[in-house]
Amino acid sequence: MDDDAGIPGRAPTAGPRQTWAGLPWPVRTAVTWSACLLVVTAGLWLLGQIAVLLAPLAVALAGTLFLAALLDPVLVRLRRLRVPAGLAALLSILLLLGILGGAGVLVWNLTASQFGELSQQLDEGLQRTRDFVTSSLPVTDQQLDRLVEQIRQGLSSGAPDPVAGARKVAEVAGAVLLALVLLFFLLKDGRSMWRWVLRRLTGPRRELTAEAGRAGWRTLGAYSRGTMVIAAIDAIGIGLALVVLRVPLALPLALITFLGGFVPIIGATVAGAVAVLVALAANGPTTALLTLAAVIAVQQIEGNLLEPLVMRRQVQLHPAVILVVVTAGTLVAGVAGAFVSVPIAAVLWRVLDTVQRHRAETGRAAGTDSAAGIGSASGPDRAVEAAG
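If you're matching positions, the sequence shown starts at 1 in full-length UniProt numbering and goes up one per residue.
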C-alpha cells in the first residue's frame, strides 16, 4: 500500500510500476525490444572485439578442428592396423603435408615457363580491352588514364607498411605452426580428451553433451570431406575446360578454383572471375565467353547435383546465412576467417539443433510419463496387473 494513500487531502503518487502500466502497449513493446536490441548489440560488439584480439588463435583452433575431421578416417584406419596413436597422428599429418607440398611443386614446375608468356598476353589483352572500351563507350583515353591512375593511387595508399606486413607474416607463421602442433595432439589424444570431459559431467547433461558432440563432429567431418570432394570436382571440370580452350596457366587456375571451393558461393565466384579474366586477356572475348559458359555449367552441376548428393541434409545452410557468415569471417580474420567461418556455423547450427530436439523429446517423454502416472493412479488394479 502507498504511504500517501491514507493521508487525507493528498493524492496517491504513481510509482514506477503504475507509470509503466499506464503507458500504451505499443510504447511498452517498443521500449522492451529496444532494450533487448541494445543488450544483444553490446554483447555482439564485445564478442567481436575479443575475436579480433584473439583472431590468430581462433583461426588456428578452427583450422585444427577442420583438418582433424578431414584426417580422422586416415587415423582410424591406421589405428585398426595397430599403429601406435602417436605414430598414426604423425603419419596422417605427413600425408597431408606431402599432398599439399607435392601439388604445389607439381603446379609450379608445369607452369613456371608460362608466366613470361602470360605477361605479354596480358598486356595485349589489356590493350584490346582498352580499345574496345574507348570505341564502344563514351569514354576518352584521357578519362580512362585518370581512372587507372586513381585506382593505382588508391591501391598504393591502402597497401600495408613493411613493419605491419612483417608482423602479419609472423602471426600467420605462428598460427600455422600452432595449428600443426595442436593437430598432432588432437589426432593422438582427441578421443581420450573428450571422454575426460564427459566423465566430469553427471546426469542428463552427460548424455546431451555426448549426443551434441557426436552430431557436431559428424557434421564437421561431412563438411570437410564433402567440401574437398566438391572443390576437387570443380577444379577438374574447370581445369579441363581451360585446357581444351588453350587458356594459359590452366593448372594454377584449377588450383585457385580448388582453394576457392572451400569458401562457399564467394570463393567459386572469385575463382571463376579470375579464370574468365585470364582467358579474356590471353585469347580474346570469344574464349572468355566460352570460359564463362564452362564455369557457369560446372557451378550449376555442383550446386544442383553434387552438393545435395555429397553434403546431404546435415550440413545445409541457407545461402543468405552463408553470405553473412563468410563476410563476418572475412572482416574478423581475412581470408583465413572466410575459410573457417562456414564450418563453424554449420557445427554450431547442428549442435543447437541437437540440443533443441533432445529437449523436445525429453519434454514429450515427461508428458507421456505424467499421463501414464495419472492413469495408473486412477486405476490401481491395472497397475498391479502390469507390475505382476
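Glycine included, every Cβ here is placed at the ideal spot set by N, Cα and C.
My output table needs one value for residue i: the three-state DSSP class, helix, strand or coil.
| i | result |
| --- | --- |
| Pro84 | coil |
| Val263 | coil |
| Thr202 | coil |
| His358 | helix |
| Ala11 | Per-residue confidence for Ala11 stands at a pLDDT of 49, beneath the threshold of 50, marking its modelled position as unreliable; the derived number appears in the next sentence. DSSP places Ala11 in coil when its eight states are reduced to three. |
| Pro138 | coil |
| Leu317 | coil |
| Gly239 | helix |
| Gly101 | helix |
| Ala284 | Per the sequence shown, the amino acid found at residue 284 is Gly instead of Ala. Coil, per DSSP. |
| Val384 | Unreliable placement is indicated for Val384, whose pLDDT of 35 sits below 50; the coordinate value is still reported in the next sentence. Val384 falls in the helix class under three-state DSSP. |
Can we count residue i as close to the ligand SAM, meaning its CB is less than 6 Å from some heavy atom?
| i | result |
| --- | --- |
| Trp196 | In the structure on display, the ligand SAM does not appear, and there are no ligands present to speak of. |
Could you tell me if residue i is buried or exposed, where buried requires 16 or more neighbouring beta carbons within 10 angstroms of its beta carbon?
| i | result |
| --- | --- |
| Thr41 | exposed |
| Phe132 | exposed |
| Ile256 | buried |
| Ala360 | exposed |
| Thr291 | buried |
| Ser192 | exposed |
| Lys168 | exposed |
| Thr287 | buried |
| Val247 | buried |
| Pro84 | exposed |
| Pro252 | buried |
| Val342 | buried |
| Ser92 | buried |
| Ser135 | exposed |
| Val27 | exposed |
| Leu110 | exposed |
| Thr140 | exposed |
| Trp33 | exposed |
| Gln299 | buried |
At which residues does the alpha helix (DSSP H) containing residue i begin and terminate?
| i | result |
| --- | --- |
| residue 393 | Coverage of the chain is limited to positions 1 through 388, which leaves residue 393 absent and any answer about it impossible. |
| Gly43 | Trp25 to Leu53 |
| Gly303 | No alpha helix (DSSP H) contains Gly303, which DSSP labels as neither H nor E. |
| Gly22 | Pro16 to Gly22 |
Would you please state the rounded distance, in angstroms, between the beta carbons of residue i and residue j? I believe it to be under 8 Å.
| i | j | result |
| --- | --- | --- |
| Ala345 | Leu317 | 6 Å |
| Leu220 | Leu65 | 6 Å |
| Leu183 | Ala68 | 6 Å |
| Pro264 | Val335 | Actually they do not touch by this definition, with Cβ atoms about 14 Å apart. |
| Val332 | Ala62 | Contact flag wrong, Cβ pair sits at about 11 Å. |
| Ile238 | Ala275 | 6 Å |
| Ala268 | Gly261 | 6 Å |
| Gly329 | Val321 | With 8 Å as the limit, Gly329 and Val321 do not qualify as a contact, their Cβ atoms being about 12 Å apart. |
Does any residue of chain D bring its CB to less than 7 Å from the CB of residue i?
| i | result |
| --- | --- |
| Gly102 | Among the protein chains of the structure shown there is no chain D, as only one such chain exists. |
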